[in-house]
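If you count the sequence shown from 1, you need to add 6 to reach this note's numbering.
Virtual Cβ for every residue (Gly too), placed ideally from N, Cα, C.
Take a look at the structure set out below.
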Amino acid sequence: MTTVARVAIGLWAVLALVVFSVTFDWQTRKAGLLFASHQVQRHAAGLPVATITEGFRPMVRSAALRSSAWLGLSLITGVIATVAASRASKQ
């Protein structure tokens with residue numbers, strides 16, 4: 007594999023990390039807003055509010071799994087495209 011291909015794969019890895027960070031932050035923000043609105047609704051109804059461990063952590067765990075899937079998809083797509091382009095340029 008050429009140096010250019012290795013650099014391209016490294017850039018794809020950086021892009022995949024950025025994709026993870028952005029999607030995770032966005033989903034965590036949505037989860038926080040949803041958790042807060044559920045807390046307000048439960049409080050207004052006179053019900054006990056949920057703890058962060060019960061209500062928020064499962065949402066964060068789910069967000070991390072979804073973001074990891076996007077990270078993997080981005081990285082695999084980039085590596086496959088780079089390897090294919092590298093092989094095509096050798097011919």
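Handout entry: Continuous alpha helix (DSSP H) stretch holding Ala-11: start and end
Key = Within the sequence shown, residue 11 is the residue found at index 5, counting from 1. Element bounds for Ala-11: 9–50.
Exercise for the section: Look at Ala-22 and Ser-80 and say whether their C-beta atoms are less than 8 angstroms apart. Expected result: One-based indexing of the sequence shown puts residue 22 at position 16. One-based indexing of the sequence shown puts residue 80 at position 74. The answer is yes: Cβ separation under 8 angstroms.
Handout entry: Among Thr-83, Gln-97, Ser-92 and His-44, the one whose alpha carbon lies nearest that of Ile-3
Key = A question about residue 3 goes unanswered here, because the residues of the chain that appear run from 7 up to 97.
Exercise for the section: Consult DSSP for Ala-90 and reduce its assignment to one of helix, strand or coil. Expected result: Locating residue 90 in the sequence shown gives position 84, where the first residue counts as 1. If DSSP states are grouped into helix, strand and coil, Ala-90 belongs with the helices.
Handout entry: Helix, strand or coil at Leu-53 [DSSP, three-state]
Key = Reading the sequence shown from its first residue, position 47 is the one you call residue 53. Coil, per DSSP.
Exercise for the section: Can you give me the Cβ contacts of Met-7 inside the same chain, cut-off strictly under 7 angstroms, excluding the 5 residues immediately before and after it? Expected result: Position 1 of the sequence shown, counting from 1, holds the residue named residue 7. Answer for Met-7: Ser-92, listed in chain order.
Problem - Span separating the alpha-carbon of Gly-78 from that of Val-66 - result: Residue mapping note: residue 78 aligns to position 72 of the sequence shown, counting from 1. Residue mapping note: residue 66 aligns to position 60 of the sequence shown, counting from 1. Computed Cα separation, rounded: 18 angstroms.
Exercise for the section: Pick out whichever of Ile-82, Ala-94, Ser-95 and Lys-96 has its Cα sitting closest to the Cα of Val-20. Expected result: Stepping through the sequence shown from its first residue, residue 20 is reached at position 14. Of the listed residues, the one whose Cα sits closest to Val-20 is Ile-82.
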